[in-house]
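Following: one structure in structure tokens, then a few remarks.
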Amino acid sequence: MTMNSNDCIDVVAAATNDVNLWHCRLGHMNEKGMKELCSKGKLSGLKTIEVGLCEGCIFGKQKRVSFSKVRRAIKPEKLELVHTDLWVPAEVTSLGGSACYMTFIDDATRKV
0 MTMNSNDCID VVAAATNDVN LWHCRLGHMN EKGMKELCSK GKLSGLKTIE
50 VGLCEGCIFG KQKRVSFSKV RRAIKPEKLE LVHTDLWVPA EVTSLGGSAC
100 YMTFIDDATR KV
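Start counting the sequence shown at 0; every next residue gets the next number (numbering that gives the first Met the number 0).
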């Protein structure tokens, strides 16, 4: 049996797809963990483990950056600074049938 270069490319592509498939099935496990499973014979049909770039892993490693803390020199008195939040449309309507909710929070006391 002889193999030409196209057959070799097909074999490599199939093996890569299998590795990526197992990578996804295992919850995007890292390459070291997959190599350990492979050495114990737990990943059927895989001889080498080389996980390429995975879009899910790249997005998963992104992090959110918090806003910088703003210090206020003077704490406001009661009802001097009030925060308002409007929620439209609400998933659950009120007993009166309203689908909108508005909250007011006093900055000094943090009471609603």
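Built from N, CA and C at the ideal position, the CB exists for glycine as well.
Which two residues bound the contiguous beta strand (DSSP E) that contains residue i?
i: Leu-85; result: 81-86
i: Ile-104; result: 100-105
So, are the CB atoms of residue i and residue j less than 8 angstroms apart?
i: Gly-55; j: His-27; result: yes
i: Ala-98; j: Lys-77; result: no
According to DSSP, simplified to helix, strand and coil, what is residue i?
i: Phe-66; result: coil
i: His-22; result: helix
i: Val-10; result: For Val-10, the predicted model reports a pLDDT of 41, less than 50, meaning its position is unreliable; a value from the coordinates is still stated below. DSSP places Val-10 in helix when its eight states are reduced to three.
i: Met-28; result: coil
On the DSSP letters alone, give me the boundaries of the alpha helix (DSSP H) that residue i sits inside.
i: Leu-45; result: No alpha helix (DSSP H) holds Leu-45; DSSP gives it neither H nor E.
i: Gly-59; result: 54-59
So, under 8 angstroms CB-CB, residue i and residue j are touching, yes? Tell me the CB distance rounded to an integer number of Å.
i: Asp-17; j: Gly-44; result: 6 angstroms
Counting pairs of beta carbons, one from the stretch 27-39 and one from the stretch 47-62, are three or more of them closer than 8 angstroms?
yes
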